[in-house]
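In what follows, a single structure is set out as structure tokens and then discussed.
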Amino acid sequence: MVYKKYIKKNGKTYGPYYYESYRENGRVKTKFIKGPTKKDKIKSKISQANPKIIVKTLSSIFLILIILGLFITIALYSNQETTGHSINNNQIKIIKAELLNQNKEPIENIFQLVSEKDDKWLPINNSYLRITFEQPLNSRNDISLFARSSTQNKIEAYPLNSNTPIIIFNNISEEKYYKKYLTNLKTPTSTFDLKITGNLEIDHIIDP
Numbered sequence: 113m114v115y116k117k118y119i120k121k122n123g124k125t126y127g128p129y130y131y132e133s134y135r136e137n138g139r140v141k142t143k144f145i146k147g148p149t150k151k152d153k154i155k156s157k158i159s160q161a162n163p164k165i166i167v168k169t170l171s172s173i174f175l176i177l178i179i180l181g182l183f184i185t186i187a188l189y190s191n192q193e194t195t196g197h198s199i200n201n202n203q204i205k206i207i208k209a210e211l212l213n214q215n216k217e218p219i220e221n222i223f224q225l226v227s228e229k230d231d232k233w234l235p236i237n238n239s240y241l242r243i244t245f246e247q248p249l250n251s252r253n254d255i256s257l258f259a260r261s262s263t264q265n266k267i268e269a270y271p272l273n274s275n276t277p278i279i280i281f282n283n284i285s286e287e288k289y290y291k292k293y294l295t296n297l298k299t300p301t302s303t304f305d306l307k308i309t310g311n312l313e314i315d316h317i318i319d320p
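Per my numbering, residue 113 is the first one in the sequence shown, and the count goes up by one each step.
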């Protein structure tokens, strides 16, 4: 007669194991026929896994992927051209700023008005500014202005002694930082002329 048997060990149940009982010389004997292999045990553990644990594990992995994706998105966005109310810590400050007339002749030192964001505004109307940074800027740098205006305006930035603008700020309006990358700058330059068309106010000039 063939029968099956389960074995309990350390709180776990193993089996089924199949045995055959038979008589031999008037005595009942038992012979092992077959039982689960090691591979069967592994499959059994997987199939008996708690569904709640599986769902929780998958949820954790999904959350980690979302967080990693968010960090990657932020990193990519920070390398693009943006405008905003704040600047980063990799700053290149200006060390000189002058107001020029239409012939680009210096008429006033305005460094104290635009070197720091301190709510001391410089009103400008159809004029030039000449600004010098503490080190030359290259095509990976930018010029950022904390500015505001209520009228149509435009700012063109020229490397010193150049007649070709490399960046243009169009229609500055609300009070915030406006940033333009110097992508077209061929030669590292520390001094730039800003041609202002229209009425606007500037509080701070920097390269974040």
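Beta carbons are placed, not taken as given, at the ideal position from N, Cα and C, and that holds for glycine.
Nothing here was measured: the structure is a model prediction, and the numbers come from that model.
Does the beta-carbon distance from residue i to residue j come in below 9 angstroms?
{"i": "residue 255", "j": "residue 292", "result": "yes"}
{"i": "residue 280", "j": "residue 245", "result": "no"}
{"i": "residue 206", "j": "residue 227", "result": "yes"}
{"i": "residue 265", "j": "residue 312", "result": "yes"}
{"i": "residue 219", "j": "residue 259", "result": "no"}
{"i": "residue 310", "j": "residue 263", "result": "yes"}
Answer with buried or exposed for residue i, where buried requires no fewer than 16 other C-beta atoms within 10 angstroms of its C-beta.
{"i": "residue 209", "result": "buried"}
{"i": "residue 187", "result": "exposed"}
{"i": "residue 261", "result": "buried"}
{"i": "residue 170", "result": "exposed"}
{"i": "residue 134", "result": "exposed"}
{"i": "residue 308", "result": "buried"}
{"i": "residue 118", "result": "exposed"}
{"i": "residue 257", "result": "buried"}
{"i": "residue 173", "result": "exposed"}
In chain order, what residues of the same chain lie with their CB nearer than 6 angstroms to the CB of residue i, ignoring the 5 residues before and after it?
{"i": "residue 116", "result": "128 and 130"}
{"i": "residue 253", "result": "294 and 319"}
{"i": "residue 242", "result": "210, 212 and 305"}
{"i": "residue 251", "result": "294, 295 and 297"}
{"i": "residue 324", "result": "Missing from the structure shown is residue 324; the chain here goes from 113 to 320 and no further."}
{"i": "residue 143", "result": "132"}
State the start and end residues of the unbroken alpha helix (DSSP H) segment that holds residue i.
{"i": "residue 225", "result": "223-226"}
Short of 7 angstroms in beta carbon distance, which residues of its chain neighbour residue i, apart from the five on each side in sequence? Order them along the chain.
{"i": "residue 301", "result": "248, 249, 271 and 272"}
{"i": "residue 145", "result": "114, 130, 131 and 132"}
{"i": "residue 223", "result": "208 and 209"}
{"i": "residue 140", "result": "133"}
{"i": "residue 221", "result": "210"}
{"i": "residue 269", "result": "255, 277, 278, 279, 304 and 306"}
Assuming residue i is part of the beta strand (DSSP E), what are its boundary residues?
{"i": "residue 256", "result": "254-260"}
{"i": "residue 124", "result": "124-136"}
{"i": "residue 280", "result": "279-282"}
{"i": "residue 271", "result": "265-271"}
{"i": "residue 309", "result": "301-319"}
{"i": "residue 292", "result": "288-293"}
{"i": "residue 244", "result": "240-249"}
Identify, in the order they occur along the chain, each residue of the same chain with its Cβ nearer than 8 angstroms to the Cβ of residue i, setting aside the five sequence neighbours on each side.
{"i": "residue 231", "result": "315"}
Between residue i and chain C, is the shortest Cβ-Cβ distance under 9 angstroms, so that the two count as touching?
{"i": "residue 173", "result": "You won't find chain C in this structure, because it holds only one protein chain."}
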